[in-house]
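The structure appears below as structure tokens.
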Amino acid sequence: MQRTLIIDTPKNIGKKVTLAGWVNVRRDHGKIIFIDLRDRTGIIQVVFAPNKKNPEFQKLAETLRSEYVAQIIGAINERPKNMINEKIPTGKVELLAEELVILNSAQSLPIDLNAEHLDMGLETLLDMRPLTLKHSKARAIFKAQAEIVKTFYEFFSKNGFMEIQAPKIVPEATEGGSEVFSIEYFESKAYLAQSPQFYKQIMVGVFERVFTIGNVYRAEPHDTTRHLNEYTSLDFEMGFIKDHTDLMKIITEWLKFLVEQLSANCHDELDAYGVPLPKILDDIPAISFPEAKKIARKISGKETDDLDLEPEEERILSGYAAKELNSEFLFVTHYPAKKRPWYTMPDDADPKYTKSFDLLFRGVEIATGGQRIHNYEQLVQSIKSKGINPDKFKFYLMAFQYGMPPEGGAGFGLERLTAKFLGLANVKEATLFPRDMKRIDLLLHKEKIIKEEKK
RNA sequence: GGACCGUUGGUGUAGCCCGGUUAACACGUCUCCCUGUCACGGAGAAGACCGCGGGUUCAAAUCCCGCACGGUCCGCCA
Numbered sequence: 380m381q382r383t384l385i386i387d388t389p390k391n392i393g394k395k396v397t398l399a400g401w402v403n404v405r406r407d408h409g410k411i412i413f414i415d416l417r418d419r420t421g422i423i424q425v426v427f428a429p430n431k432k433n434p435e436f437q438k439l440a441e442t443l444r445s446e447y448v449a450q451i452i453g454a455i456n457e458r459p460k461n462m463i464n465e466k467i468p469t470g471k472v473e474l475l476a477e478e479l480v481i482l483n484s485a486q487s488l489p490i491d492l493n494a495e496h497l498d499m500g501l502e503t504l505l506d507m508r509p510l511t512l513k514h515s516k517a518r519a520i521f522k523a524q525a526e527i528v529k530t531f532y533e534f535f536s537k538n539g540f541m542e543i544q545a546p547k548i549v550p551e552a553t554e555g556g557s558e559v560f561s562i563e564y565f566e567s568k569a570y571l572a573q574s575p576q577f578y579k580q581i582m583v584g585v586f587e588r589v590f591t592i593g594n595v596y597r598a599e600p601h602d603t604t605r606h607l608n609e610y611t612s613l614d615f616e617m618g619f620i621k622d623h624t625d626l627m628k629i630i631t632e633w634l635k636f637l638v639e640q641l642s643a644n645c646h647d648e649l650d651a652y653g654v655p656l657p658k659i660l661d662d663i664p665a666i667s668f669p670e671a672k673k674i675a676r677k678i679s680g681k682e683t684d685d686l687d688l689e690p691e692e693e694r695i696l697s698g699y700a701a702k703e704l705n706s707e708f709l710f711v712t713h714y715p716a717k718k719r720p721w722y723t724m725p726d727d728a729d730p731k732y733t734k735s736f737d738l739l740f741r742g743v744e745i746a747t748g749g750q751r752i753h754n755y756e757q758l759v760q761s762i763k764s765k766g767i768n769p770d771k772f773k774f775y776l777m778a779f780q781y782g783m784p785p786e787g788g789a790g791f792g793l794e795r796l797t798a799k800f801l802g803l804a805n806v807k808e809a810t811l812f813p814r815d816m817k818r819i820d821l822l823l824h825k826e827k828i829i830k831e832e833k834k
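Position one of the first sequence corresponds to residue 380 (the working numbering), numbered consecutively onward.
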């Protein structure tokens, strides 16, 4: 018989159906046993009542434990009025089991998957990732994350952007600055891409508007709640822009669409975390870097680096924007040229600053973008001014020799965005299998100990 | 790399300040009882040489020193 999904059970009252899923929990009352069965669409209560014709059946039901995988055939019955469970969408019905096939057993769980919260340290949470991801609150994170990616794809596709696949193996330490992972590449050396930057720019010369969603790699030895050594970047790049404000406009439009879709499709997931969705103003406030610096200094009373915003200042500015400007998002524009890559377009009024921006959301930088230099000669000059030989970028520069429109783009950190929408303390919680200095799936030092013990 | 905090059954914590005999609690696990629960309930049981090494002491989970590991913040970082 064809499998029925749990979400569809209320439509099948009185019918005999086949359900398949995991045992969420067993409530054994002796003669009568209740199982909460879970599949990808929901949870339903299954009732095992004494069966005189087949006493073995009840014994088999008694062996069911959490996370056992089972196929159950039975009749969907309406529950008596006083036994309706308001907490679940299928609370008005239940399955009276007639046949049970155990598709797979499960070892006893080291954690309580039915507890309201996953009450454990980050280390344990990640060490047991294949199991802890099954918890409803963990699943909620990645449902919301998938929605973010989906809206990015939909929005930019609708607006004339084409999806491209950027290579992850690259020949040079792309833009200099941040550390990259080197890999053996046959007889020579190559690197893992720290961003799709060069390739999305080249493709603007071909398709005018492009976007790409993919992993990027940073070999920086950072150890914070907002950094990963492998993360997912949502990138777009577009030609024929006036300046960076065109980019900020399209980002604002996407964010509006995103919040709308999250509200419509991830209501339960957001509810589980209790963090309200942000309001997106028609114009997200934008303040220039020098202005932002002044505000941050005034509030903190601290003298800080002239060229960059410190994490504490980013938090201060976010708080300021939320309180004074009525927006949880804040653009900071015109970062100093010294702190931006060489392809960043300088500002006409004062070339010490650039036509670039960061987007702050709830205290962290979630996107970076700006207008790029599209003139070949100017770009070569800019590379030289950083003391780099332009020959290293011959391949990339070719795009600018043969007709590059005025262009720009931006990149979002998917995990940071997810974490901030749900109010998670650490981006690693918003990463299925986070890679950091200490961990690739398991903690690296633990792996070492295991290897040494084997020797 | 720096600062601070931490490390106690499978998981989360209490006990440590003020050293003392069976290391406590909750969840999970196992056994038994239970026909209406929905994070079912009841009775019982198993499970920890208290991160590692050293010191002080008649006596150390508890005090001292060193190390390892983790967490948070910072640094670093498009």
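Don't be surprised by glycine CBs; every beta carbon is placed ideally from N, CA and C. This structure is a prediction, so every number in the text was calculated from the model and none was measured.
- Task: Leaving aside the five residues before and after ARG814 along the sequence, list all residues of the same chain whose C-beta is less than 6 Å from its C-beta, in chain order.
- Result: ASN608, GLU609
- Three-state secondary structure (DSSP) at TRP401? strand
- Query: Exposed or buried, what is SER567 when buried is set at 16 or more other beta-carbons lying within 10 Å of its beta-carbon?
  - Reply: exposed
- Query: Would you report the Cα separation of LEU738 and LEU634, rounded to the nearest angstrom?
  - Reply: 11 Å
- Item | According to DSSP, residues forming a beta bridge with THR733 | PRO725
- Message: Could you tell me the alpha carbon to alpha carbon distance between THR683 and GLU692, rounded to whole angstroms?
- Response: 9 Å
- Exposure label - PRO563; buried when at least 16 CB within 10 Å: Correcting the residue identity first, residue 563 is Glu in this sequence and not Pro. Counting Cβ neighbours within 10 Å, GLU563 comes out exposed, since fewer than 16 surround it.
- Under 8 Å by Cβ, that's how I've got MET541 and PHE577 pegged, so tell me the actual separation to the nearest angstrom. 17 Å between Cβ atoms; not a contact.
- Pick out whichever of ALA809, GLY782, ILE819 has its Cα sitting closest to the Cα of LYS516. ALA809
- Query: So, helix, strand or coil for GLY782, using DSSP?
  - Reply: coil
- Any beta strand (DSSP E) of 3 or more consecutive residues that is wholly inside the region 535–594: 561–564, 567–571
- Could you give the DSSP three-state label for ASN391: helix, strand or coil? helix
- Task: May I have a chain-ordered list of the beta strand (DSSP E) segments no shorter than 3 residues that lie completely inside the region 431–493?
- Result: 448–457, 472–483
- Task: Put PHE619 into one of helix, strand or coil per three-state DSSP.
- Result: coil
- Task: Please name the residue in ASP647, ALA789, PHE436 whose C-alpha comes closest to that of GLY749.
- Result: ALA789
- Go through its chain and collect everything with a Cβ distance to ASN493's Cβ below 8 Å, but skip five positions before and after it. ASN403, VAL404, SER445
- Message: Is it buried or exposed, HIS646, if we count other Cβ atoms within 10 angstroms and call 16 or more buried?
- Response: exposed
- Nearest-angstrom Cα separation, counted from LYS825 out to LYS834: Confidence in LYS834 is poor, its pLDDT being 49 and thus under 50, which makes the residue's placement unreliable; the coordinate value appears in the next sentence. Approximately 15 Å between the Cα atoms of the pair.
- Task: Give every residue of the same chain whose Cβ lies closer than 6 Å to the Cβ of PHE800, excluding the five residues on either side of it in the sequence, and list them in chain order.
- Result: none
- Terminal residues of the continuous alpha helix (DSSP H) containing LEU504? 501–506
- Between the beta-carbon of ILE520 and the beta-carbon of THR797, is there less than 8 Å? yes
- Query: Nearest CA to the CA of PRO429: which residue from GLU478, ARG818, ASN456, LYS731?
  - Reply: GLU478
- Item | Between the CA atoms of ALA701 and LYS513 - distance to the nearest angstrom | 35 Å
- THR420 by DSSP, collapsed to three states: which one? coil
- Leaving aside the five residues before and after GLY782 along the sequence, list all residues of the same chain whose C-beta is less than 7 Å from its C-beta, in chain order. GLY584
- Query: Where does PRO720 sit, in a helix, a strand or coil, going by DSSP?
  - Reply: coil
- Whole angstroms is fine: what's the gap from VAL472's alpha carbon to LYS529's? 33 Å
- Message: Looking only at its chain, what residues have a beta carbon closer than 7 Å to the beta carbon of GLU794, apart from the 5 residues adjacent to it on each side?
- Response: LEU607, TYR610, THR611, VAL806, ALA809, THR810
- Residue burial classification, LEU821 (beta-carbon count within 10 angstroms, cutoff 16): exposed
- Message: Distance check for ILE481 and THR383, CA to CA, integer angstroms please.
- Response: 17 Å
- Query: Which ranges would you report for the alpha helix (DSSP H) in the region 632–716 if only whole runs of at least 4 residues count?
  - Reply: 646–652, 668–679, 690–703
- Do you know whose CA, among TYR447, ILE452, ALA449, LEU474, lies nearest PRO459's CA? LEU474
- Which value, in whole angstroms, describes the spacing of the CA atoms of ARG605 and GLN544? 26 Å
- Task: State the beta-bridge partners of GLN750 as determined by DSSP.
- Result: GLY787
- Alpha-carbon to alpha-carbon, LEU626 and ILE620: 8 Å
- Query: The alpha helix (DSSP H) spanning VAL838 covers which residue range?
  - Reply: Residue 838 is absent from the model: the chain starts at 380 and stops at 834.
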